[in-house]
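Asker:
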Amino acid sequence: MKKRVLLLKPGVTSSKAVLGDYESWFLRACGDVTLQPVELHAGERPPSNDGFDGVIMTGSPLSVTAPTEWMHRSADFMANASEQGTPVLGVCFGHQLLAWRFGARVEKCAGGRELGTVFVKLTEEGKRSPLFAGFPERFDVQATHEDLVVAGGDLQVLAFNEVCGVQAFSRGPRVFGVQFHPEMDAASIRYCITTAACGKAEARETPWGTRLLRQFIELC
Numbered sequence: 066m067k068k069r070v071l072l073l074k075p076g077v078t079s080s081k082a083v084l085g086d087y088e089s090w091f092l093r094a095c096g097d098v099t100l101q102p103v104e105l106h107a108g109e110r111p112p113s114n115d116g117f118d119g120v121i122m123t124g125s126p127l128s129v130t131a132p133t134e135w136m137h138r139s140a141d142f143m144a145n146a147s148e149q150g151t152p153v154l155g156v157c158f159g160h161q162l163l164a165w166r167f168g169a170r171v172e173k174c175a176g177g178r179e180l181g182t183v184f185v186k187l188t189e190e191g192k193r194s195p196l197f198a199g200f201p202e203r204f205d206v207q208a209t210h211e212d213l214v215v216a217g218g219d220l221q222v223l224a225f226n227e228v229c230g231v232q233a234f235s236r237g238p239r240v241f242g243v244q245f246h247p248e249m250d251a252a253s254i255r256y257c258i259t260t261a262a263c264g265k266a267e268a269r270e271t272p273w274g275t276r277l278l279r280q281f282i283e284l285c
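Going by the numbering used here, the sequence shown opens with residue 66, and the numbers climb by one from there.
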């Protein structure tokens, strides 16, 4: 039977008209799952997480540094889902909102936007995490973000790089966050590089995002 995953969307992709929106990207990367998208930014409220095997929150052009009422409500929903036994994964904005909900700070990137295919490195805790089972210590991922998480609260840092000290975290056995975009491929990150006119950034294919999402689905 297919896993059922609630896909919380706090925004839409900048390339929606050209490359599709988050649900098509996550469906491609996650494999044989059923996704139910919820447009949080447009006022939709998530249903009860009963009947869902997992919850994923996507990225967003919005910022956790300017929290709104629906952001508070959505953060509480994810925390409650995890307390009820449902695995939760936050991606980029979702990663930041989860970390903020559990006591960490979210700030603007001091060096400006991280963009392109970049490397991250696992911590000792990351090497033991089931989310990164079978990963090399250092691997490439797709990244585009202007905010980042500053370690705090009771988060366990799983991965980092020189730009961002919290590229991935866990909190207990059911809550995970990744700053990078495991759902994106080289075409989508190349679109971001082109529209940002960032000639120094690179876009390369990498298998690790897809592998991470499929391992999260296996945990659900």
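Ideal placement from N, C-alpha and C gives every residue a C-beta, glycine not left out. Small disclaimer: the values here were computed from a predicted structure and weren't measured.
Taking the straight line between their C-alpha atoms, what separation do you get for T209 and Y87?
Answerer: By 1-based counting over the sequence shown, the position of residue 209 is 144. By 1-based counting over the sequence shown, the position of residue 87 is 22. Taking the straight line from one Cα to the other gives about 14 Å.
Asker: Ordered along the chain, which non-local residues of its own chain (more than five positions away) have a Cβ less than 8 Å from that of H106?
Answerer: Stepping through the sequence shown from its first residue, residue 106 is reached at position 41. Result list for H106: K74, P75, G76, V77, S125, L127 and W135, in chain order.
Asker: To test your reading of the DSSP string, which unbroken alpha helix (DSSP H) runs of 4 or more residues are found completely within the region 105-185?
Answerer: 134-148 and 158-166
Asker: Near A169, which residues of its chain fall below 7 Å by C-beta distance, leaving aside the five closest residues on each side in sequence?
Answerer: Taking the sequence shown and counting its residues from 1, one reaches residue 169 at position 104. Cβ neighbours of A169 beyond the five flanking positions: V214, V215, A216, G217, G218 and L220.
Asker: With L213 as the anchor, note down where its beta strand (DSSP E) starts and where it stops.
Answerer: Here the question's residue 213 lines up with position 148 in the sequence shown. Unbroken beta strand (DSSP E) run through L213: D212 to V215.
Asker: Note down the Cα distance separating F167 from H137, rounded to an integer number of angstroms.
Answerer: Position 102 of the sequence shown holds residue 167. Position 72 of the sequence shown holds residue 137. Looking at the backbone, the Cα of F167 and that of H137 are separated by about 12 Å.
Asker: In this structure, how does DSSP classify T78 when only helix, strand and coil are distinguished?
Answerer: Locating residue 78 in the sequence shown gives position 13, counting from the first residue. Coil.
Asker: May I ask you to list the residues that DSSP assigns as paired with K67?
Answerer: Start at 1 with the first residue of the sequence shown, and residue 67 comes out as number 2. None; K67 has no bridge partner.
Asker: Exposed or buried, which one is E283 when buried takes at least 16 other CB atoms within 10 Å?
Answerer: Here residue 283 is taken as the residue at index 218 of the sequence shown, counted from 1. Exposed, since its Cβ has fewer than 16 Cβ neighbours within 10 Å.
Asker: Measuring CA to CA, which of W273, Q101 and A233 is closest to N114?
Answerer: Within the sequence shown, the letter at position 49 stands for residue 114. Measuring from the Cα of N114, the nearest candidate turns out to be Q101.
Asker: What would DSSP say about G242, mapped onto helix, strand or coil?
Answerer: Within the sequence shown, numbered from 1, the residue matching residue 242 stands at position 177. Of the three classes helix, strand and coil, the one that applies to G242 here is strand, per DSSP.
Asker: Considering L223, what are the terminal residues of the beta strand (DSSP E) in which it resides?
Answerer: In the sequence shown, the residue the question calls residue 223 occupies position 158. Per DSSP, L223 belongs to the beta strand (DSSP E) from Q221 to F225.
Asker: Relative to the C-alpha of S147, which candidate in F281, R239, M249 and C257 has its C-alpha closest?
Answerer: By one-based count along the sequence shown, residue 147 stands at place 82. That would be R239, whose Cα lies nearest to the Cα of S147.
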